[in-house]
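Trainee:
Number of protein chains: 4
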Amino acid sequence: MLLMDSAYDLFIEKGFHKTTIAMISKHAGLGKGTFYLYFRDKEDVRDSIIVQKSAQILQAAMDDLEKKRQGLSFYERLIRMTDYIIDYLTENKELFKFISKSMGMVLISESDNDGVESKHLMDLEEVIRGLLKKSQVKLKDQKMFIYTIIELVNSTCYSPIVSGVPFTMDEYKPFLYHAIKLLTDDQVISE
Amino acid sequence: MLLMDSAYDLFIEKGFHKTTIAMISKHAGLGKGTFYLYFRDKEDVRDSIIVQKSAQILQAAMDDLEKKRQGLSFYERLIRMTDYIIDYLTENKELFKFISKSMGMVLISESDNDGVESKHLMDLEEVIRGLLKKSQVKLKDQKMFIYTIIELVNSTCYSPIVSGVPFTMDEYKPFLYHAIKLLTDDQVISE
Amino acid sequence: MLLMDSAYDLFIEKGFHKTTIAMISKHAGLGKGTFYLYFRDKEDVRDSIIVQKSAQILQAAMDDLEKKRQGLSFYERLIRMTDYIIDYLTENKELFKFISKSMGMVLISESDNDGVESKHLMDLEEVIRGLLKKSQVKLKDQKMFIYTIIELVNSTCYSPIVSGVPFTMDEYKPFLYHAIKLLTDDQVISE
Amino acid sequence: MLLMDSAYDLFIEKGFHKTTIAMISKHAGLGKGTFYLYFRDKEDVRDSIIVQKSAQILQAAMDDLEKKRQGLSFYERLIRMTDYIIDYLTENKELFKFISKSMGMVLISESDNDGVESKHLMDLEEVIRGLLKKSQVKLKDQKMFIYTIIELVNSTCYSPIVSGVPFTMDEYKPFLYHAIKLLTDDQVISE
DNA sequence: TATGAATGAGGCTTCATTCAT
DNA sequence: TATGAATGAAGCCTCATTCAT
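So the sequence lines, in the order shown, correspond to chains H, B, F and Y.
What the first sequence shows, in my numbering, is residues 1 to 191, in sequence order.
What the second sequence shows, in my numbering, is residues 1001 to 1191, in sequence order.
What the third sequence shows, in my numbering, is residues 2001 to 2191, in sequence order.
What the fourth sequence shows, in my numbering, is residues 3001 to 3191, in sequence order.
1. Would you verify that the beta carbon of Ser3155 (chain Y) is, or is not, closer than 9 Å to some beta carbon of chain F?
2. Pull up the distance between the alpha-carbon of Thr156 (chain H) and that of Glu66 (chain H), whole angstroms please.
3. What residues from the stretch 58 to 84 of chain H come within 9 Å of chain B, judged by C-beta to C-beta, listed N to C?
4. With distances taken Cα to Cα, identify the nearest neighbour of Asn92 (chain H) among H:Leu72, H:Met62, H:Ser163.
5. How about the stretch 2079 to 2097 of chain F and the stretch 2026 to 2033 of chain F: do they share at least three Cβ pairs that are nearer than 8 Å?
6. Kindly list the residues whose CB is nearer than 7 Å to the CB of Ser1025 (chain B), restricted to its own chain and excluding five residues on each side of it in sequence; keep chain order.
7. Have a look at Glu2013 (chain F) and Asp3047 (chain Y) and give me their C-alpha separation to the nearest angstrom.
8. Go through its chain and collect everything with a Cβ distance to Lys3053 (chain Y)'s Cβ below 7 Å, but skip five positions before and after it.
9. Pull up the distance between the alpha-carbon of Ile2150 (chain F) and that of Gln2136 (chain F), whole angstroms please.
10. In angstroms with no decimal places, state the Cα-to-Cα distance between Arg3020 (chain Y) and Phe3039 (chain Y).
11. In or out: Ser3073 (chain Y) buried (at least 16 other Cβ within 10 Å) or exposed?
12. Pull up the CB-CB distance for Ala3179 (chain Y) and Thr2168 (chain F), whole angstroms please, since I reckon it's below 8 Å.
13. Against Lys97 (chain H), what residues of chain B qualify as contacts under a CB-to-CB distance less than 7 Å, listed in chain order?
14. Which of the three DSSP states is assigned to Ser1109 (chain B) in this structure?
15. Would you mind reading off the limits of the alpha helix (DSSP H) that contains Phe1996 (chain F)?
16. Say whether chain H places a C-beta atom closer than 9 Å to the C-beta of Leu1139 (chain B).
17. List the residues of chain Y that Thr2148 (chain F) touches, going by C-beta distances under 8 Å, in chain order.
18. If you drop the 5 nearest sequence neighbours on each side, which residues of the same chain put their C-beta closer than 6 Å to that of Ile146 (chain H)?
19. Give the DSSP-derived three-state secondary structure of Leu1072 (chain B) in the structure shown.
20. Which class does Thr3156 (chain Y) belong to by DSSP, given the choice of helix, strand or coil?
21. Below 9 Å between beta carbons: does that hold for Asp1009 (chain B) and His1027 (chain B)?
22. Is the Cβ-Cβ distance between Leu1131 (chain B) and Leu1078 (chain B) less than 9 Å?
23. Does chain Y have any CB closer than 9 Å to the CB of Phe2167 (chain F)?
24. With DSSP run on the structure shown, which of helix, strand or coil describes Thr1168 (chain B)?
25. Which residues in the same chain as Ala3060 (chain Y) place their Cβ atom closer than 8 Å to its Cβ, once the five residues preceding and following it in sequence are excluded?
26. Is any beta-carbon of chain B found at less than 9 Å from that of Leu183 (chain H)?
27. Using a Cβ-Cβ cutoff of less than 6 Å, which residues in the same chain neighbour Glu2117 (chain F) once the five nearest sequence positions on both sides are dropped?
28. With C-beta atoms as the reference, is Asp185 (chain H) less than 9 Å away from Tyr75 (chain H)?
29. Name, please, each residue of chain Y whose Cβ falls closer than 7 Å to the Cβ of Tyr2172 (chain F).
30. What residues from chain F crowd round Asp3186 (chain Y), counting only those whose CB sits closer than 7 Å?
31. Just to confirm before moving on: does the CB-CB distance between Tyr2218 (chain F) and Pro2160 (chain F) stay below 9 Å?
32. Round the Cβ separation of Ile206 (chain H) and Lys134 (chain H) to the nearest angstrom and send it over; I've been treating them as touching at under 8 Å.
33. Have a look at Pro2174 (chain F) and Met3144 (chain Y) and give me their C-alpha separation to the nearest angstrom.
34. Classify Leu3003 (chain Y) as buried or exposed, calling it buried when 16 or more other Cβ atoms lie within 10 Å of its own Cβ.
35. So for Lys1032 (chain B), helix, strand or coil by DSSP?
What follows is the structure in structure tokens.
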């Protein structure tokens, strides 16, 4: 979608707030009014972009996992997927910046348009649940475990990936994956 | 500070973006121009407020910890402090919403002694380091551990506290504290 | 005419200014471009509607008058017609609101006979002149009298009919008709 | 008031709809934003202008009446005032056009901002009531009489004054005043 | 210090109108 | 005839910021 690509470019380049609808339309080579034929406002494109990009990443991570059909343990699958996403976002720092900032805003936003955020979370949750099923594993507190892992990874990796502080992602990865192992081992009941 | 209090009220009530400088000044009972005598712009007040409020919370949490001088373990101290802060933010959801993005950031407290202005750099990391010292404990990867705990708590508690989803804070606390225990036990080397 | 009906509905419902050409076309089940095949702009449809509706009312009032062929006096005919129109507009307040500014204007009715298009110029003045002829009555200042009566009725009845202030139409009618009687009696010379 | 004068000039020159707020501000030698310091929107200035101008005319008419303190009858006073206003509006056709059109619009307007119109009417009504008191006269249906006279004069004089059709004001005046005499004589009970 | 009227850049949004199909 | 995506002029309105007092 022409307008979404245009908006994405500008959001990445100038940030959400400094991007105007006039700029988005012009950059897309379209008239200002055309924007309103497809989106209600700037928030609307942003949400669409987040949904789109998130789905893309997730899909790629899953495709990658499919390649190795061999009997991996739940932890191995989880880490492989996490690793894929982290590497992807490291290659696309600006995308991570954008998605993270926006997700933060959605959460904070006054109006109840967290439909985006929850949809996004739900997708990831669903995927991890799939991993559990494939590995024939059950967890003590599945919902809380998944929620905790997602938030943990997302929040701890942001700064290392985006700005390399207080450590680089390479420095931090072993610690993080070890932490995930501790939490996973504690949770697994049947295999 | 009159203007900071006024701004805080309005940021909490209407959100940052929907609050105008005119509103802040008026609500403070001051003229619009007066605002610019004390702050450069809206971001400026916001930052000052975050610094102030964060320092207050941290100070209160530490004061609370001082009450119990008895020999608590590092984990017990850490949880007690965490618990205090979580409870405080639960009572002040709007404050949490407001400062959330900036938690973990450097906190600066200002105190005027005898006309001398001294600045204390004091952040959560520093505080936790103090806890370690008091408990005479050493960790394998101190810096990473502290970073991980702060991000973990901040990111996982946000949604439960602010909107009670996907679980209430009361439901989630046992899981979270157990996770912290796992990570702590794995890290502690000498006591 | 599909578009005129659609426009009429919307003008009545939302008012002229708040109705857009897009709405008119859509409500008519037609494409936006089709509108321009039949009308130049919004004013154009509005004028056509006014002409159509006015002609309808007048025609209905005259048909009603035809029913009673008995020898009515000029005043009786005039009042009967006035009364019919007032009642009609009371039943169709929104229509009155809409065409009010244009009442007293020239009305054009269009009829197609054998492919021949003939235009009848037919306005209220003409109709009243017809009444005079039928009643075999002459007035001192015919043109001024007719003009005055039309403006008087139109302007005084607007508010009572549309909003019932400063009195309801039922309260006001006796006064108005009495006033018309005074003016008529003063004018009639030969009967 | 600078902005009101500016708006008045432009409303008269280009009409209400074709006048923009930017034009009003610029013509007044002020910034665009300044307009909003004093008026909510275009309707707001228009209403203020109508109130102002109407009050001015009425005041002038009353001042004129004061000159002749001699014992005039109610009809004589009423006509003198009417005559003064008609002459004034004839000298200021554009003003009459503007006030009349606007009043028409206010009446037709969807929202209930007929506060203007009614205030205007009430003022005139009040004045005529004063005339009655001064002349020590009572009428059978005072309220209806006043309402009818105001509407009659306003609606019948518009076209003659503004465009001289279907007759000039000079041609029409005798007829109109005679009609007013008929209605007045019929109403007066005690003198 | 304190004020608040004035500013005008800047963004948003609507909608009549065109035109290729 | 009929369409409807695309256009962009046109207007609206807000609000951070300045400045004379």
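For each residue, glycine too, the CB sits at the ideal point set by N, CA and C.
Mentor: Based on what the coordinates show:
1. yes
2. 27 Å
3. Taking 9 Å as the upper bound on Cβ-Cβ separation, chain B lies near no residue of the stretch 58 to 84 of chain H.
4. H:Ser163
5. no
6. Gly1031, Lys1032, Thr1034, Phe1035.
7. 25 Å
8. Leu3095, Ile3099
9. 20 Å
10. Correcting the residue type first, residue 3020 (chain Y) is Thr in the shown sequence and not Arg. Answer to the nearest angstrom: the Cα atoms are 13 Å apart.
11. exposed
12. That pair is no contact at about 25 Å.
13. Near Lys97 (chain H) there are no residues of chain B at all, since even the closest Cβ is about 13 Å away, more than 7 Å.
14. Per-residue confidence for Ser1109 (chain B) stands at a pLDDT of 35, beneath the threshold of 50, marking its modelled position as unreliable; the derived number appears in the next sentence. Ser1109 (chain B): strand per DSSP, three-state reduction.
15. With chain F covering only 2001 through 2191, there is no way to say anything about residue 1996 (chain F).
16. With a threshold of 9 Å between beta carbons, Leu1139 (chain B) makes no contact with chain H.
17. Leu3152, Thr3156, Phe3175, Leu3176, Ala3179
18. Glu125, Ile128
19. The answer is coil: DSSP assigns Leu1072 (chain B) none of H, G, I, E or B.
20. helix
21. Their beta carbons are under 9 Å apart, which means Asp1009 (chain B) touches His1027 (chain B) by this criterion.
22. yes
23. For Phe2167 (chain F), the answer is yes, since a Cβ of chain Y falls inside 9 Å of its Cβ.
24. coil
25. Tyr3084, Tyr3088
26. Chain B, which has a Cβ nearer than 9 Å to the Cβ of Leu183 (chain H), makes this yes.
27. With a pLDDT of only 30 at Glu2117 (chain F), under the threshold of 50, the placement of this residue in the model should not be trusted, and no figure is reported.
28. Going by beta carbons, Asp185 (chain H) and Tyr75 (chain H) fall inside the 9 Å limit.
29. Met3144
30. Chain F residues near Asp3186 (chain Y): Leu2182.
31. Since the displayed chain F opens at 2001 and closes at 2191, residue 2218 (chain F) lies outside it and no answer follows.
32. Examination of residue 206 (chain H) is not possible in this model, given that chain H is present from 1 through 191 alone.
33. 11 Å
34. buried
35. helix
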